[in-house]
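Those letters in the sequence shown? Residues -23 to -1, 1 to 273, per mature numbering (1 follows the signal peptide of the UniProt record, and there is no 0), in order. All residues carry an ideal CB built from backbone N, CA and C; glycine is no exception. Here the structure is a predicted model, which is why all the values come from computation and not from measurement.
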Amino acid sequence: MRIPTASSRLCVAVMAATLFIAACDRERPAPAQPQPPAATTPPPAPVAVELKDVIEQDPRFIVGISYPPGISKYPGLAEAMRAYSDKARATLDQALAKTDPAKQVGPYDLTLTFTLLADTSELVAVSAGGAVFTGGAHGEPLVARFVWLPTQNRLLTASALVPDPKGWVAISDYVREQLHAELSQRIDSDELPPAERAELMRTSGKMIDAGTKPSAEAFAMFEPVLAPEGGKLVGLKFVFPPYQVGPYVDGERMVEVPTSVLRPHLSPEFAPMFVDAPAPMPAEAAAAPAKPAGAP
């Protein structure tokens, strides 16, 4: 009998190890091959929305709703406008359903007018104004603003425009200063007794401060202030419906905030839409008649 030498035993061990590794390789799953990216489905095209003026009259109600001509070419914007008018109509219909026709005094009324404020390559702005009257001393005011971004197919919101809450502190301070100054001028023009003037300044001032808290919600309604040329914005006009910064009799209030105040707080995405307002022409230059061509 031949006794294996040390070298032969080493060869057998190596062969056994090789066979074991090969068996493991056969059992190991093959590495996953990179797959081509799945085809992305393009977003669905906006559903066309046709807005038509509404004129309805009944012994119990009168409805008048008007839209800017051609606004349906922006389906997303048109849908937002229709949703707003539908909500106003629902308010009227609910009041009619709850009111006994025999006890209703006079017809209820819904008046709503949408007006095109701006239409540029960068944005489209529409205002909504009117009221729903369902009895009482006066109707419920309807005040809204829609600023549409055609290239992005979405509404521009205050929170997207100024994303940092600190920005609203600066904007609020500016707006409050303007509203308080306007309030003081109006009260002074009424020549009220000192005690009555002080009380009116106090109560109206509290409404201004409460309605202009530094938040995107308080400044949710705004409209663009366009430069004379180029379609850029030189500021925003913030809109406050009745009751927000004053009593109902004060009506809708607006404060224009220039680019110089807005710029430090604007989102980088929207900052390029704004420019500084052109410097006003000196009064003497504006009053001087233009010289004819060739005149010395």
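#1: With distances taken between CB atoms, is the gap from ASP253 to VAL211 smaller than 9 angstroms?
#2: Quick test of the definition: if touching needs 3 or more C-beta pairs under 8 angstroms, does the segment 98 to 109 touch the segment 134 to 144?
#3: Could you tell me the alpha carbon to alpha carbon distance between ALA114 and ALA248, rounded to whole angstroms?
#4: Please report the Cβ distance between ARG37 and GLN81, rounded to the nearest whole angstrom; I am assuming they are in contact, meaning their Cβ atoms lie under 8 angstroms.
#5: Sort out for me which residues DSSP pairs ILE32 with in a bridge.
#6: Contact check, PRO52 vs ALA25 under 8 angstroms by CB: the rounded distance?
#7: Taking 8 angstroms as the cut-off, does the segment 123 to 130 touch the segment 227 to 241 (at least 3 CB pairs, one atom from each stretch)?
#8: Which residue wins for smallest C-alpha separation from ARG153, given the options MET58, LEU132, VAL234, TYR44?
#9: With DSSP run on the structure shown, which of helix, strand or coil describes THR88?
#10: Flag this pair as touching only if the segment 169 to 176 and the segment 238 to 246 have three or more C-beta atom pairs under 8 angstroms; answer yes or no.
#11: According to DSSP, is MET231 part of a helix, a strand, or is it coil?
#12: Using beta-carbon positions only, say whether ILE164 and PHE215 come within less than 9 angstroms of one another.
#13: Count the other C-beta atoms from every protein chain shown that fall within 10 angstroms of the C-beta of SER98, then say buried if there are 16 or more, exposed otherwise.
#14: Note the first and the last residue of the continuous alpha helix (DSSP H) segment covering PRO142.
#15: Going by beta carbon distance, what residues of the same chain come within less than 8 angstroms of GLU206, once the five residues before and after it are set aside?
#16: DSSP beta-bridge partners for VAL101?
#17: Report the residue from LEU87, ALA79, THR68, ASP77 whose alpha carbon sits nearest the alpha carbon of ILE42.
Taking the geometry as given:
#1: Working through the sequence shown from its first residue, we reach residue 253 at position 276. Working through the sequence shown from its first residue, we reach residue 211 at position 234. A contact, by the Cβ cut-off of 9 angstroms.
#2: Cβ pair count under 8 angstroms is below three, so no.
#3: As a first step, residue 114 must be located in the sequence shown, where it is residue number 137. As a first step, residue 248 must be located in the sequence shown, where it is residue number 271. Their Cα atoms are separated by approximately 44 angstroms.
#4: The residue given as residue 37 occupies position 60 in the sequence shown. The residue given as residue 81 occupies position 104 in the sequence shown. Right, the Cβ-Cβ distance comes to about 6 angstroms (below 8 angstroms), so this counts as a contact.
#5: Taking the first residue of the sequence shown as 1, we reach residue 32 at position 55. Looking at the DSSP output, ILE32 bridges to GLY41.
#6: Translated into positions along the sequence shown, residue 52 becomes position 75. Translated into positions along the sequence shown, residue 25 becomes position 48. Indeed, because the Cβ distance is near 6 angstroms, the residues count as touching under 8 angstroms.
#7: No, the segment 227 to 241 does not touch the segment 123 to 130.
#8: Stepping through the sequence shown from its first residue, residue 153 is reached at position 176. Nearest option by C-alpha distance: VAL234.
#9: By 1-based counting over the sequence shown, the position of residue 88 is 111. Looking at THR88 - three-state DSSP - the assignment turns out to be strand.
#10: Verdict: no, contact absent.
#11: The residue you call residue 231 lines up with position 254 of the sequence shown. Assignment of MET231 by DSSP, reduced to helix, strand and coil, places it in the strand class.
#12: As a working note, residue 164 is residue 187 in the sequence shown. As a working note, residue 215 is residue 238 in the sequence shown. No, the Cβ-Cβ distance between ILE164 and PHE215 is not below 9 angstroms.
#13: Taking the sequence shown and counting its residues from 1, the one referred to as residue 98 is at position 121. Exposed: under 16 other Cβ atoms inside 10 Å.
#14: The residue labelled residue 142 in the question sits at position 165 within the sequence shown. Counting along the chain, the alpha helix (DSSP H) containing PRO142 begins and ends at 142 to 167.
#15: Residue 206 sits at position 229 when you count from the first residue of the sequence shown. Excluding sequence neighbours, GLU206 sits near nothing in its chain.
#16: Reading the sequence shown from its first residue, position 124 is the one you call residue 101. According to DSSP, VAL101 bridges with ASP96, TRP125.
#17: Along the sequence shown, one-based indexing puts residue 42 at 65. Put simply, of LEU87, ALA79, THR68, ASP77 the residue whose alpha carbon is nearest the alpha carbon of ILE42 is LEU87.
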